[in-house]
Structures are given as C-alpha cells and as structure tokens.
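The numbering of the sequence shown is the numbering used here, which starts it at 200 and goes up by one.
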Amino acid sequence: MISASLFTAFALMTAAAALAVLWPLGRSRALRSAREADLAVYRDQLAEITRDKESGRLAPEQADAARVEVARRILAADVAPEPEAGASVSATWRRRAAAIAALMLIPVGAAGLYGLFGSPEIPGAPLAGRLAAPPDRGDVAILVRRVEDHLASNPNDGNGYEILAPVYLRLGRPEDAARAFGEAIRILGPTAERHSARGEALMVASNGLVSADAQRAFKAALALDPKEPRALFFTGVAAEQDGRPAEAAAIFRRLAAEAPAEAPYLPMVKAALARAEAEVGLGAAPAPAAGAASPAAPGPTAADVQAAAAMSAQDRSAMVRGMVDRLEARLAEDPDDLDGWLRLARAFTVLGEREKALGAIKAARAAFKDNQEALGRIDAAEKDLARGG
Numbered sequence: 200m201i202s203a204s205l206f207t208a209f210a211l212m213t214a215a216a217a218l219a220v221l222w223p224l225g226r227s228r229a230l231r232s233a234r235e236a237d238l239a240v241y242r243d244q245l246a247e248i249t250r251d252k253e254s255g256r257l258a259p260e261q262a263d264a265a266r267v268e269v270a271r272r273i274l275a276a277d278v279a280p281e282p283e284a285g286a287s288v289s290a291t292w293r294r295r296a297a298a299i300a301a302l303m304l305i306p307v308g309a310a311g312l313y314g315l316f317g318s319p320e321i322p323g324a325p326l327a328g329r330l331a332a333p334p335d336r337g338d339v340a341i342l343v344r345r346v347e348d349h350l351a352s353n354p355n356d357g358n359g360y361e362i363l364a365p366v367y368l369r370l371g372r373p374e375d376a377a378r379a380f381g382e383a384i385r386i387l388g389p390t391a392e393r394h395s396a397r398g399e400a401l402m403v404a405s406n407g408l409v410s411a412d413a414q415r416a417f418k419a420a421l422a423l424d425p426k427e428p429r430a431l432f433f434t435g436v437a438a439e440q441d442g443r444p445a446e447a448a449a450i451f452r453r454l455a456a457e458a459p460a461e462a463p464y465l466p467m468v469k470a471a472l473a474r475a476e477a478e479v480g481l482g483a484a485p486a487p488a489a490g491a492a493s494p495a496a497p498g499p500t501a502a503d504v505q506a507a508a509a510m511s512a513q514d515r516s517a518m519v520r521g522m523v524d525r526l527e528a529r530l531a532e533d534p535d536d537l538d539g540w541l542r543l544a545r546a547f548t549v550l551g552e553r554e555k556a557l558g559a560i561k562a563a564r565a566a567f568k569d570n571q572e573a574l575g576r577i578d579a580a581e582k583d584l585a586r587g588g
C-alpha cells in the first residue's frame with residue numbers, strides 16, 4: 200500500500216506541476232506589452248531578412264517580398280484597437296476560472312484513472328530491459344525509418360545499408376533489401392557474401408524463382424569464393440528450375456560433401472539433392488541426334504509455360520518470365536545450343552511474343568548456318584511457328 204505521506208507528496212507534486220502550466224492563464228497582460236513584444240519580434244525578423252540577403256541565402260526579390268510582408272504585420276499591430284476595460288476584466292476572470300477548474304480536475308481525473316487501470320504491483324520497465332527484449336514490428340518500423348532518414352542524409356554510409364538490408368528482407372521488402380545490398384557493395388566493395396545475399400533477395404522478390412539478375416549475383420559471388428554455400432545452393436536451384444536436374448544434383452552433391460557436419464543448411468541441401476536425383480531417375484532423356492545440343496537444354500518447354508496457367512496471373516508471369524530470361528541470357532553466352540534456341544522460340548510463342556520468337560529462330564539460324572541437319576530442324580520450327588504452334 201502507498202503510505203499517506205507518499206500520497207501527499209505525489210499530490211503536492213501534481214498540484215505544483217499543474218500550477219506551473221496553468222499560471223499564465225490567470226495573468227492579465229496589457230495590450231501594450233503584447234503589442235511591444237510583437238513589434239520586437241517583427242524587428243528581429245527584418246534584421247534576419249537583411250542578414251540573409253547580405254549572405255546570399257535569400258535572393259534580392261525574395262528578401263524584398265519578405266520585408267514587405269513583415270512591414271504589413273507591423274502596421275497591423277500598430278493600429279490594432281484596444282479592447283474595452285470591461286471586456287478585458289471579463290476575459291481575465293474567464294481565464295482564472297478555467298485555471299481553477301483545471302487545477303481541480305487534473306489531479307481528480309488522474310486519481311480516477313489510476314483507480315480503474317493502475318496497480319502498485321505492476322513491475323517497472325527499465326530501459327535496459329526494454330532494449331534487451333526483441334522489438335515488436337512497430338518498433339522495428341520506427342527503427343527502420345530512423346536508419347532510412349540517416350541514410351538520406353548520409354548516402355555513402357555503407358555500414359548503414361548493410362545493416363538495413365537483412366532487416367528489409369525479414370520485413371518482406373525484398374526489392375528494398377536487394378537495393379540496399381547493392382549500395383553496400385558499391386560503397387564497401389564486393390564480397391562473396393554480399394553478392395550472395397543480394398542474389399537471395401532478388402530471388403525472394405521473384406517469388407522463389409532464380410531470375411537472371413539473381414543468377415548474375417550468385418555468379419559474381421562464386422567468382423570471389425567458389426565455395427560460397429548460399430551461392431552454390433541457389434545455383435543448383437536455378438539448374439533445377441531450368442530443367443537440368445543432373446546438373447543440379449551435381450551441385451547439391453558437391454555442397455553436401457563440402458559442408459561442415461554441423462552446418463545449419465545441410466538438411467536443406469540433402470533434401471534438394473534427393474529431389475534432384477529423383478528427377479534424374481524419372482526424366483532421363485534419349486541421346487540427341489547428330490548436330491543437336493545436349494539433351495538437358497535449359498529453359499522452359501511449351502508444356503512448362505502452359506502448366507503455369509493454374510497459377511495466379513502474377514505468379515505465372517514471374518515464373519515464366521524468370522525461366523525465359525535465364526534461358527535467353529545463357530544462350531547469349533553459349534549460342535551453340537540448338538535445343539535451347541528452339542525451346543526459347545516456343546516459349547515466346549506461348550507468351551504471345553511472336554517477334555521475339557522469330558528473333559530466336561533467326562539467332563539459331565545464324566549460330567548453325569554451317570550445319571544442314573540443324574538448319575532442317577530450324578526450318579521445321581519456323582514453319583510450326585508460322586502455323587501458330
């Protein structure tokens with residue numbers, strides 16, 4: 200229980216605080232004093248305008264306009280009529296009555312609210328304990344906004360971007376996370392971990408598909424560290440998504456062999472390896488004809504594209520576009536893949552992008568201009584395209 204002396208002390212402190220706040224309401228001020236105070240403020244404003252004009256912070260025309268406005272206010276204050284004595288006395292009594300009522304109601308209202316909702320048994324919440332506890336989403340949003348404000352004023356703070364990027368990812372903002380990782384790479388320099396983290400953010404932004412941009416990020420990470428586990432894993436995922444389960448299985452197998460026994464990602468790698476090996480066993484392709492490329496040509500088939508019809512429009516678009524972009528980027532680096540070119544043309548056809556499909560046929564013809572058997576397959580694909588197939 201709270202002792203009577205302590206309650207009295209709290210009451211006196213409340214009364215003192217209320218008086219300090221409400222005392223100005225009970226003071227009568229002469230109109231002349233208020234007018235003189237206003238005029239002093241306006242004179243200071245005129246002096247400040249003059250200083251800003253002389254220092255170049257204000258253009259001459261802006262300074263003249265501001266000076267005219269202040270002069271107008273000075274004239275208005277100087278000619279304002281004085282209130283009648285009775286009206287001044289009445290206003291003073293109203294202010295005093297409001298102060299007395301507030302002085303009585305504030306402590307009474309506070310005591311009533313404490314009686315309803317307060318309890319002396321509620322433990323304290325020291326600052327150190329609140330900082331140690333995990334913040335809720337609202338607190339995180341406030342902290343993120345503060346960091347964003349800081350970075351707006353300090354755009355070359357690479358550490359700030361590196362701290363903010365994974366927070367963006369946890370908050371479900373992968374595009375912002377990828378941008379922040381990119382800024383950290385620009386300012387602090389490239390590392391395998393930064394490229395790999397950016398690639399993961401780009402993949403999350405593509406609804407789990409390893410887009411062409413994400414694949415380039417993972418490739419940059421592996422160029423710096425060929426054993427970077429995250430980049431290796433998602434490179435395997437990209438191969439699996441492109442219909443190359445044998446290549447994906449090889450990547451997952453290597454990663455599982457090189458991973459420490461206690462690595463937290465090892466169970467996920469083993470599950471991906473089992474899945475890829477099962478796909479290899481179920482989908483072994485026949486040997487290709489002479490002049491054709493490998494049987495595991497990357498990219499989507501027409502059936503892959505059509506199977507996406509069961510998905511939502513947004514997910515379907517992201518899935519198909521990611522697969523097509525990866526195939527197109529790979530063919531630009533390795534054009535000697537006839538099956539890849541034909542697959543790309545079919546994918547563009549299903550997407551309704553006929554000009555791009557014809558462009559893929561033309562690129563295939565240029566790449567295999569000296570291979571008559573390949574040119575025969577290309578002619579057949581072009582006729583099929585002309586028929587709308």
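Cβ coordinates follow ideal geometry from the N, Cα and C atoms, glycine included.
Please read these numbers as outputs of a predicted model, since none were measured by experiment.
If you draw a straight line from the Cα of Gly255 to the Cα of His349, it is about 28 Å long. Excluding five sequence positions before and after Gly521, the CB atoms of its chain that fall closer than 6 Å to its own CB belong to Ser405, Leu408, Ser410, given in chain order.
In the structure shown, Thr390 adopts coil according to DSSP, grouped into three states. Look at Ser405 here: in three-state DSSP terms it is coil, with no helix or strand label. Closest in C-alpha terms to Asn358, from the list Arg344, Phe380, Val339, Asp375, comes Phe380. Between Ala473 and Leu465, the beta carbon gap of about 13 Å keeps them out of contact (Cβ cut-off 8 Å).
Here Gln571 is exposed: its Cβ has fewer than 16 other Cβ atoms, across all protein chains shown, within 10 Å. If only uninterrupted alpha helix (DSSP H) runs of at least 4 residues are considered, those enclosed by the region 354-398 are 357-369, 373-387. Put simply, of Leu423, Ala460, Ser352, Ser395 the residue whose alpha carbon is nearest the alpha carbon of Phe432 is Ser395. Annotated three-state conformation of Pro259 is helix, per DSSP.
Excluding residues up to 5 positions away in sequence, Gly357, Tyr360, Glu361, Ala364, Arg393 lie with their Cβ nearer than 7 Å to the Cβ of Ala383 in the same chain. Counting the other CB atoms within 10 Å of its CB gives Gln261 a total below 16, which places it among the exposed residues. Distance from the CA atom of Leu557 to the CA atom of Ile341, rounded to whole angstroms, is 52 Å.
Contact between Val339 and Val366 holds: CB atoms are separated by about 7 Å, below the 8 Å threshold. Assignment of Asp583 by DSSP, reduced to helix, strand and coil, places it in the helix class. A direct Cα-to-Cα measurement between Ala546 and Val523 gives close to 7 Å. Contact annotation: Leu368 and Ala400 have beta-carbon atoms nearer than 7 Å.
Cβ contact annotation for Val479 (same chain, cutoff 7 Å, sequence separation greater than five): Pro444, Ala445, Ala448, in chain order.
One thing to note: Phe417 has its Cβ no nearer than 7 Å to the Cβ of Gly435. In the DSSP annotation of this structure, the continuous segment of the alpha helix (DSSP H) that includes Phe451 starts and ends at 444-457. Judged by beta-carbon spacing, Ala391 lies within the 7 Å limit of Ala420, meaning their Cβ atoms are closer than that value. Here Glu572 carries a helix assignment [DSSP, helix/strand/coil]. For Phe567, the three-state secondary structure derived from DSSP is coil. Between Leu543 and Arg576, the beta carbon gap of about 14 Å keeps them out of contact (Cβ cut-off 8 Å).
Rounded to the nearest angstrom, the Cβ distance from Leu537 to Phe567 is 6 Å, consistent with a contact under 8 Å. Sequence-distant partners of Arg429 (beyond 5 residues in either direction) whose C-beta falls short of 6 Å from its own C-beta, in its chain, are Ser395.
Distance check between Gly442 and each of Ala477, Arg415, Glu457, Glu427 places Ala477 closest, using alpha-carbon atoms only.
Residues of the same chain with a CB within less than 6 Å of the CB of Ala413, apart from the 5 flanking positions on each side, are Gly398, Leu401, Met402 in chain order. By the neighbour-count criterion, in which 16 or more other beta carbons inside 10 Å mark a residue as buried, Gly388 falls on the exposed side.
From the listed residues Leu530, Ala437, Arg453, the smallest Cα separation to Pro425 is found for Arg453. Put simply, the backbone Cα of Leu530 is about 12 Å away from that of Ile560. Ala580 and Leu574 have their C-alpha atoms spaced approximately 10 Å apart. With a threshold of 16 other beta carbon atoms within 10 Å, Leu257 meets it and is buried. For Gly435, the uninterrupted alpha helix (DSSP H) run begins and ends at 428-440, by DSSP. Excluding five sequence positions before and after Gln440, the CB atoms of its chain that fall closer than 7 Å to its own CB belong to Leu408, Val409, Met522, given in chain order. Where Asp412 is concerned, the enclosing alpha helix (DSSP H) starts and stops at 411-423.
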